[in-house]
Each structure stands twice: as C-alpha cells, then as structure tokens.
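Structure first, commentary second.
Numbering (UniProt numbering), first residue to last: 1 to 337.
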C-alpha cells in the first residue's frame, strides 16, 4: 500500500474545513479565568484573532494548517481565501489584544504547553511564507510564548506524560521548530536540555496506559518524536533502541492497534480519532529516522499507514472532531523533518 500524500485536492478539502470554522464563534469552550465581572466577555472580545474553532488552541493550529497548505499549494482554489483571512485577522491591533490578554496574572498558565507549542509552530510556518507581513505581525505574540518557555522550563521539575493537552513532550517538540526557524540557539538548547533531563534515562517503555478514553496523543510515541526532533541522530538512535526495544516484535502491542471510536459526537471520545492521526505522524517520523536497511523501518511505516487509514475518513464526521482533526491529518501526511 502506498503512503497517502498531500495532493492539491486534499489540501483544498482540508482548507475548506478550516475556513468554515476558524471564524465560527459558537459553540465555544473558553479556557478563561474570571477575576471579576469585567472579565465576562465573548470569545471574540477575549481573542480577536483566535476566537473560532470551538477553542483557542484548535483555532491556532487550524491557522497553522492553513499556512502550511498555502505554502504547499500557493495557487490552489483556496489560496486567496486563506490570504484574505490572514490579511483580516493577523493584523497588529488584533495581535496586540491577544498579547494584552496574556498580561493578566490569571493568564500565566493559559494553554500551557499545548497552545504555547502550537502558537510557536504557527509563527514558524508563517516565517516560511513569501509574504512576511504575517510573520512580522505575529512576532510579538510568539515572543511572549517563547519567553514563557524560557521562564517555565527551569521550574518544571517533572514532565507530564498524559495523552492530552498537558503533555510536555508535545510542547517541546512543537517549540523546537520555531527555535530552529528563527535560529534561536539558546532556546533550542533549553528545549533539548529539558528533554534530556525529563526523558533521557527512560527505557523499555511499556505503554501500558494507552490508550485512555481521552487520549489524542500517544504519550510513548510523542516522547520518542520529541527526542528525535531535539537530539542529533547519533544520540537519538541509541536512546530509541533503549526506549522501545521490541518494536521488531511489534511490542508494545497496544501502540500498533488503532483506537476504536464509538461516538464521534462526544468530544472526549472523538479524541481517539486524533490519537490515530497523531500516532500516524509519530510512526512516520520515527520510521524516517531509522537507517534504510533497519528491519524496524517497514514495521513502523505499516503502523503509520494503518493508523492514518483509521483516522482519515472521520475528519469531518462531527463538529467535535471537525474543528481540529484536519490539522493532525496534515501533520501525519505532510510531516517535515
């Protein structure tokens, strides 16, 4: 079976899905602390850029996906609509309001680390587009989140290993792309050193808790993908051999079985479609890090294909998945090293 690729038709389909919800204000699930009655405000008032897509972080990574699709297919039939969205939304006054929101003491932990990582991933993608206006306009917001990593990581004694938004390996992995694009060697070093401090001694991962009924990430595989992204190949491969030593036997077996979703109208159960897509992303990236002759490589590639086949048909089955799943499909299909 050949690998799925990001064709122009598929890119337009994903773009149309995202364009249909990034400015859809309701339903909305705010992550917002009210310090007083003055804080009871609408999503658009709180977040004039990222008020759609059900929640702030989903809106951010939908913008990332649109930027990626624009870069990949700048002449597609959706490209002008993406440009128009960015011209209307990624503007100085609206970015300033997003920055102002973060200045409140109650927003110190806002979207940590999932939203932090995705915002930096978006900023990195905008930096790769021909139009530099959007990159320059989002830079102040990206700078705040980059500084939050610098402030928080030295305080974070322990990693968070869950399969949801709080997973710290995911946050490091996404921030790594931003640090690389803007050539911030100090931030790259902090991310790498933190990953080694948190995960460097891990070995023989049992993955016994996967999947839970709320997972959209594999805590085992995203840790491995984090280390792949942050370590040099000569350091990563020995670590990977220790961390998952029985992949040639397809063990831990739970990592090779796509998750079953029983109700896609349930926001938590719909996470499991995301688990299949995010596992596909990780399996594909990890396979690509192995030498061509490594016997594990086709095993990991097969696992990636089976997870993608399980998740891809359900991108728009219900709004509980539609508002975010396409982003993870693009990660899985169009991952870049």
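C-beta atoms are modelled at their ideal positions from N, C-alpha and C, and glycine is treated no differently.
Spatially closest choice to residue 296 from 246, 269, 37, by CA coordinates: As a first step, residue 296 is located in the chain shown; it is residue number 296 there, counting from the start. For the residues 246, 269, 37, the minimum Cα distance to residue 296 belongs to 246.
Alpha-carbon spacing of residue 104 relative to residue 193, whole angstroms: For this step, residue 104 is matched to residue 104 along the chain shown. For this step, residue 193 is matched to residue 193 along the chain shown. Rounded to whole angstroms, residue 104 to residue 193 spans 30 Å at the Cα level.
By Cβ distance, which residues of its chain are closer than 7 Å to residue 101, with the 5 residues on each side in sequence left out? On the chain shown, position 101 is the one that residue 101 refers to. Hits under 7 Å: 46, 47, 107.
Tell me which residues share the same chain as residue 258 and place their Cβ nearer than 7 Å to its Cβ, disregarding the 5 neighbours each side in the sequence. As a first step, residue 258 must be located in the chain shown, where it is residue number 258. Within the same chain, and ignoring the five residues on either side of residue 258 in sequence, the residues whose Cβ sits closer than 7 Å to its Cβ are 276, 306, 307, 310.
Backbone CA spacing between residue 109 and residue 239 [nearest angstrom]: In the chain shown, counting from the first residue as 1, residue 109 sits at position 109. In the chain shown, counting from the first residue as 1, residue 239 sits at position 239. Spanning the two alpha carbons is a distance of roughly 31 Å.
Got a sec, what are the start and stop residues for the alpha helix (DSSP H) residue 321 sits in? For the purposes of this step, residue 321 is identified with residue 321 of the chain shown, where counting begins at 1. Where residue 321 is concerned, the enclosing alpha helix (DSSP H) starts and stops at 319-322.
Please work out which residues of its chain come closer than 6 Å, Cβ to Cβ, to residue 337, disregarding the five sequence neighbours upstream and downstream, and give them in chain order. Within the chain shown, the letter at position 337 stands for residue 337. For residue 337, the pLDDT reaches just 46, beneath the cut-off of 50, and the residue's location in the model is therefore unreliable, although a value from the coordinates is still provided. Counting only Cβ-Cβ distances below 6 Å, and skipping sequence neighbours, we find nothing.
Could you work out which residue in 163, 304, 144, 158 is closest to residue 178 when comparing CA atoms only? The count along the chain shown starts at 1 and reaches residue 178 at position 178. Considering only alpha carbons, the answer is 144.
Could you check what DSSP says for residue 338 in three-state terms: helix, strand or coil? Residue 338 is absent from the model: the chain starts at 1 and stops at 337.
Is residue 96 helix, strand or coil when you go by DSSP? Numbered from 1 along the chain shown, position 96 holds the residue referred to as residue 96. Secondary structure of residue 96 (DSSP, three-state): helix.
With distances taken between CB atoms, is the gap from residue 289 to residue 228 smaller than 7 Å? Reading the chain shown from its first residue, position 289 is the one you call residue 289. Reading the chain shown from its first residue, position 228 is the one you call residue 228. Yes. Within cutoff.
Taking residue 163 and residue 210 to be in contact with their CB atoms under 8 Å, please state how far apart those CB atoms are, rounded to whole angstroms. Residue 163 sits at position 163 when you count from the first residue of the chain shown. Residue 210 sits at position 210 when you count from the first residue of the chain shown. With a beta-carbon spacing of about 7 Å, residue 163 and residue 210 fall inside the 8 Å limit used to define contacts.
Which of helix, strand or coil does DSSP assign to residue 22? In the chain shown, the residue the question calls residue 22 occupies position 22. When DSSP states are grouped into helix, strand and coil, residue 22 belongs to the coil group.
Span separating the alpha-carbon of residue 253 from that of residue 303: Taking the first residue of the chain shown as position 1, residue 253 is located at position 253. Taking the first residue of the chain shown as position 1, residue 303 is located at position 303. Between the C-alpha atoms of residue 253 and residue 303 there is a straight-line separation of about 11 Å.
CA-to-CA distance, residue 174 to residue 117, given in whole angstroms: Counted from its first residue, the chain shown places residue 117 at position 117. Counted from its first residue, the chain shown places residue 174 at position 174. Taking C-alpha positions only, residue 117 is separated from residue 174 by approximately 5 Å.
Check whether the segment 66-78 touches the segment 16-28, counting contact only when three or more Cβ pairs, one atom from each stretch, lie closer than 8 Å. Result yes; three or more Cβ-Cβ pairs closer than 8 Å.
Run the CB neighbour count on residue 121, radius 10 Å, all protein chains shown included, and call it buried at 16 or more, exposed below. If you number the chain shown from 1, residue 121 lands on position 121. Answer is buried; the Cβ neighbour count reaches 16.
For the alpha helix (DSSP H) that contains residue 351, what are its first and last residues? Given that the chain is displayed from residue 1 to residue 337, the structure contains no residue 351 and the question cannot be resolved.
Between which two residues does the alpha helix (DSSP H) harbouring residue 229 extend? Looking up residue 229 in the chain shown gives position 229. Residue 229 -> alpha helix (DSSP H) spans 219-230.
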